[in-house]
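For the sequence shown, position 36 (counting from the first letter as 1) is numbered 35 according to numbering that gives the first Met the number 0, and the numbering increases by one without interruption.
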Amino acid sequence: MDYRYAQIDAKGRAFNVSFLSGEIDAPDMILLGPEDDVKPGDIYEDGVWTPAPPVEPPEQPSGPTMREQIEQLQAENLNLMLALTEVYEQAEADKAALQQESLQTMLAMTELYEMINPPTPEGGE
């Protein structure tokens with residue numbers, strides 16, 4: 000035979016309903032009869048069960064939904080990636096321009112050196 004008990008807190012509110020294999024003698028365990036339709040949250044007072052008051056659904060926060068927030072973040076990420084691509088492409092263009100300028104400077108220095116120090120003909124003085 001199963002014994003059905005409701006376990007109550009100090010205020011008489013049921014927080015657990017259990018099927019046990021034997022009787023229990025504890026002040027916080029209330030033996031339930033077949034007619035007792037007790038659920039967690041119900042209140043036991045003076046031998047009578049009172050159903051728990053209905054729980055109001057939590058108020059929905061105002062503002063964008065989670066989906067809208069995700070879509071906004073995705074759009075921001077895309078804009079950041081595009082901006083980063085532009086910065087990278089500009090840096091690569093600047094790098095190529097500096098390399099070209101450096102090469103031209105080296106060529107000009109070589110020409111200047113050769114003008115200042117012309118090669119000597121072989122065998123002659």
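Ideal Cβ positions, reconstructed from N, Cα and C, are used throughout, including at glycine.
Exercise for the section: Tell me, to the nearest whole angstrom, how far the beta carbon of residue 40 is from that of residue 13; I am working on the premise that it is less than 8 Å. Expected result: That belief holds up - the Cβ atoms of residue 40 and residue 13 are roughly 7 Å apart, short of 8 Å.
Handout entry: residue 23, enclosing beta strand (DSSP E) - first and last residue
Key = For residue 23, no beta strand (DSSP E) encloses it, and the DSSP letter there is neither H nor E.
Exercise for the section: Mind listing, in chain order, the continuous beta strand (DSSP E) runs of no fewer than 3 residues lying wholly within the stretch 45-69? Expected result: The qualifying runs are 47-49.
Practice task
Buried or exposed for residue 43, please, with buried defined as at least 16 other CB atoms from any protein chain shown within 10 angstroms of its CB.
Solution key: It is buried - the Cβ of residue 43 has at least 16 other Cβ atoms within 10 Å.
Exercise for the section: Just the C-alpha distance for residue 117 and residue 106, rounded to the nearest angstrom, thanks. Expected result: Rounded to whole angstroms, the gap between the alpha carbons of residue 117 and residue 106 is 16 Å.
Problem - Cβ contact check for the stretch 18-31 and the stretch 49-60: 3 or more pairs under 8 Å - result: Too few Cβ pairs lie closer than 8 Å, so no.
Handout entry: DSSP state of residue 5 mapped onto helix, strand, coil
Key = Reduced to three states, the DSSP call for residue 5 is strand.
Practice task
Give me the Cβ distance between residue 5 and residue 37, rounded to the nearest whole Å; I'm assuming they're in contact under 8 Å.
Solution key: Yes, they are in contact, since the Cβ atoms of residue 5 and residue 37 sit about 5 Å apart, within 8 Å.
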